[in-house]
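S.K.: If you use the working numbering, the sequence shown corresponds to residues 20 to 426, in order.
Here it is, the structure in full.
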Amino acid sequence: MRDVPVDGETKEKKAWSLKSRFTLFFILFIVAVFSVVVITSVQQLVGITEIIADKLGIPIVRDTAAVIDGDAFEALCISLDPEDPWYERIRLAMLAVKEKSECLYLYTMAPAEGAVFRYIVDGSGPPDAEYFSPLGAEEDISGYIKPILQAMDAKTEYVSRVDHDSQWGFTVSTYRAVLNSSGKAVGVIGCDFKVVDISGQLLARMIRQLIISTVFIIAGFIAYLYLVNGVSRQNRRLQELKDAAEAASVELKDERDTIAAMKDALKVGLFFMDKDFIIQDQHSKFLETVLGIKDPRGKKFTDIISPGVKQSEITSMIEYFVLLFNRSVVFDRKLTEKMLENLNPVQELVYISPETKEEKILRCNFVPVDRGQGRLFVLGNIQDVTDEKKLQKRLAELDSGGKMLPV
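Following this line, the structure appears as C-alpha cells:
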C-alpha cells in the first residue's frame with residue numbers, strides 16, 4: 020500500500036511546482052525580450068549602413084564605369100592577357116578612383132562557369148599587395164552571387180545587404196554592370212565597404228543584454244524562494260523586480276535613442292518617392308530640416324517644394340521625374356546615367372522656406388531605383404549648399420582684389 024502524503028507534503032510539492040512554473044515563465048520572458056532587442060538593434064544598424072553604402076558606393080561605381088570601355092573589357096575577359104596596354108591603363112585609373120574614395124576594395128569580375136567568376140581588373144591596390152587579385156584569378160562567389168546577378172540582369176547599380184565573411188568580417192557592397200557597345204552585360208564592377216563598427220556594437224549589446232537577462236533570472240529565482248515565506252517579503256521582492264524592469268526600460272530607450280541619433284546625424288536629405296511623387300516612409304530626418312517641414316511621409320514632393328520655388332522650375336522638375344520613371348529610357352540605356360544627370364533642371368535650386376522666408380541654395384540629385392516586381396522609385400538627395408556658395412563668392416572676391424565680406 021502506497022504512503023498517502025500528509026497535508027504539509029502536498030503543500031510543499033505544490034509550492035515547488037509553482038516555483039518551477041514561475042521560474043520557467045520568467046526565463047522564457049527574458050529570453051524573448053532579449054531576442055527582440057537584439058533583432059531590432061541589428062535591423063536598425065544594418066539599415067543605416069546600407070543607406071550610407073548606397074550614398075557612397077553608387078558614385079564610385081559610376082566613376083569607374085565612366086573609364087571602362089565595355090568592348091575592350093569583353094576582349095580582355097577572353098584573352099586574359101596581362102600585357103594588354105588597356106589592362107594597365109584601366110587598373111591605374113581604377114586605383115585613382117579607389118584612393119579618392121572611402122571604399123575598401125574596388126574591382127571588376129566576369130562570369131566563368133556557374134557560380135565561379137574571374138577577376139579582370141583589380142583597382143584595390145598595387146599588384147604586389149596581399150589583397151590584390153591578378154587577372155584571371157577565379158573565385159566561387161555562390162555565397163554572394165545574387166546581388167551581382169541582379170546588377171547584371173538589371174544593367175544598373177545594386178547595393179547588397181550587410182554580409183559577414185570569416186575573412187573580411189562585416190561588409191556591404193555596391194555593384195554595377197559593365198556593358199559592351201551592344202548593351203550586353205559582360206561583367207560587373209564591385210565596390211566593398213568594411214563595416215568596422217557593427218560587429219563590436221552588436222557584441223557589446225549582446226553581452227549587455229545577456230548580463231541584464233542573467234540578473235533578472237537570478238533575482239527572480241531568489242525572490243520567489245523568499246516569496247513563499249510571507250506576503251510582506253513577497254511585496255518587497257516584487258518592488259525590487261519592478262525597479263529593475265524600469266532601469267532596463269531606461270537603458271533600452273537610451274539604445275534606441277542612440278540608433279536614432281546615428282540616423283539623424285546624416286546631414287543629407289534622403290528620401291524615396293513613387294511614380295506619383297509621393298514621399299515614402301524611408302527618409303532621413305535632415306530632409307525635414309533642409310525643407311523646413313514636418314513629417315513629409317505620404318505627401319507629394321512637388322507640393323511640398325512648390326511654395327518656395329518658381330512655377331517654371333516645378334514644371335521642369337515634373338517633366339524630369341516623368342523621364343526618370345520611364346523604364347524604356349532608364350533601364351534600356353537609351354540615355355546614359357551621365358546624360359540623365361545633365362538633364363536634371365534643378366541640380367542647384369534657390370528655395371525660399373514658406374515658414375521662415377529663409378533663402379537657401381539646394382543641390383538636388385535624383386536616381387531611379389528598381390525594387391523589382393514592377394516597383395520603381397526615385398531616390399532623392401537634397402543638400403543645403405548655401406554656406407558653400409557664400410564661401411565661394413567670398414574667395415572669388417579675394418581673388419579679384421576685393422575685401423572679404425562677412426557671411
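Beta carbons: idealized from backbone N, C-alpha and C, even for Gly.
For clarity, every value in this text was computed on a predicted model and none was experimentally measured.
How many Å lie between residue 364 and residue 81 at the Cα?
M.R.: 20 Å
S.K.: Residues bridged to residue 135 by DSSP?
M.R.: 132 and 159
S.K.: Please state if the CB of residue 211 and the CB of residue 192 are separated by a distance shorter than 9 Å.
M.R.: yes
S.K.: Between residue 380 and the rest of its own chain, which residues show a CB-CB distance below 7 Å, the 5 nearest in sequence each way excluded?
M.R.: 367, 369, 404, 405 and 408
S.K.: Using 8 Å as the Cβ pair cut-off and three pairs as the minimum, do the region 192–208 and the region 121–135 touch?
M.R.: With a cut-off of 8 Å, the region 121–135 and the region 192–208 count as touching, because enough Cβ pairs lie within range.
S.K.: Have a look at residue 266 and residue 47 and give me their C-alpha separation to the nearest angstrom.
M.R.: 20 Å
S.K.: How about residue 178 and residue 166: do their beta carbons lie closer than 9 Å?
M.R.: yes
S.K.: Can you check which of these residues, 199, 117, 170 and 91, is closest to residue 389 by C-alpha distance?
M.R.: 170
S.K.: From what residue to what residue does the beta strand (DSSP E) around residue 398 run?
M.R.: From DSSP, the beta strand (DSSP E) with residue 398 extends over 395–403.
S.K.: Give the single residue among 83, 134, 119 and 155 whose Cα lies nearest to the Cα of residue 100.
M.R.: 155
S.K.: Have a look at residue 103 and residue 90 and give me their C-alpha separation to the nearest angstrom.
M.R.: 14 Å
S.K.: Rounded to a whole number of angstroms, what is the C-alpha to C-alpha distance between residue 112 and residue 326?
M.R.: Between residue 112 and residue 326, the C-alpha separation is close to 45 Å.
S.K.: Starting from the Cα of residue 259, find the closest Cα among 272, 238 and 337 and give me that residue.
M.R.: Of the listed residues, the one whose Cα sits closest to residue 259 is 238.
S.K.: Roughly how many angstroms lie between the CA atoms of residue 413 and residue 303, to the nearest whole one?
M.R.: 31 Å
S.K.: Who are residue 379's beta bridge partners in DSSP?
M.R.: The beta-bridge partner set that DSSP reports for residue 379 consists of 370.
S.K.: Give the straight-line distance between the Cα atoms of residue 335 and residue 157, rounded to the nearest whole angstrom.
M.R.: Taking the straight line joining both Cα atoms gives about 48 Å.
S.K.: Smallest Cα separation from residue 190: which of 399, 109 and 124?
M.R.: 124
S.K.: So residue 117 and residue 143 are supposed to be a Cβ contact under 8 Å. How far apart are they, rounded?
M.R.: The C-beta distance from residue 117 to residue 143 rounds to 6 Å, short enough to fall under 8 Å.
S.K.: Put residue 387 into one of helix, strand or coil per three-state DSSP.
M.R.: In the structure shown, the three-state DSSP call for residue 387 is strand.
S.K.: Who are the near neighbours of residue 386 in its chain, counting only those whose CB is closer than 6 Å to its CB and skipping five residues on each side?
M.R.: 398
S.K.: Near residue 231, which residues of its chain fall below 6 Å by C-beta distance, leaving aside the five closest residues on each side in sequence?
M.R.: Result list for residue 231: 267, in chain order.
S.K.: Skipping 5 residues on each side, what residues in its chain have a beta carbon closer than 6 Å to that of residue 294?
M.R.: 344
S.K.: Counting along the chain, where does the alpha helix (DSSP H) carrying residue 89 start and finish?
M.R.: 89–98
S.K.: Can you say whether residue 150 is buried or exposed, counting buried as having 16 or more other CB atoms within 10 angstroms of its CB?
M.R.: exposed
S.K.: Which first and last residues belong to the beta strand (DSSP E) in which residue 178 is found?
M.R.: Its beta strand (DSSP E) spans residues 176–178.
S.K.: Look at the alpha carbon of residue 147 and the alpha carbon of residue 141, and state the distance between them as a whole number of angstroms.
M.R.: 12 Å
S.K.: Per DSSP, what are the beta-bridge partners of residue 291 in this structure?
M.R.: Beta bridge pairing from DSSP links residue 291 with 398.
S.K.: Decide if residue 93 is buried, meaning its Cβ has at least 16 other Cβ atoms within 10 Å, or exposed.
M.R.: The residue is buried, with at least 16 neighbouring Cβ atoms inside 10 Å.
S.K.: How about residue 109 and residue 136: do their beta carbons lie closer than 9 Å?
M.R.: no
S.K.: What's the gap between the Cα of residue 196 and the Cα of residue 77?
M.R.: 12 Å
S.K.: Following the continuous alpha helix (DSSP H) through residue 298, name the residue where it begins and the one where it ends.
M.R.: For residue 298, no alpha helix (DSSP H) run applies; the uninterrupted beta strand (DSSP E) run containing it begins and ends at 298–302, by DSSP.
S.K.: From which residue to which residue does the beta strand (DSSP E) around residue 211 run?
M.R.: For residue 211, the enclosing beta strand (DSSP E) begins and ends at 204–213.
S.K.: Provide the residue(s) that pair with residue 192 in DSSP beta bridges, ordered along the chain.
M.R.: 211
S.K.: On the DSSP letters alone, give me the boundaries of the alpha helix (DSSP H) that residue 312 sits inside.
M.R.: That residue, residue 312, is in no alpha helix (DSSP H); it is neither H nor E in DSSP.
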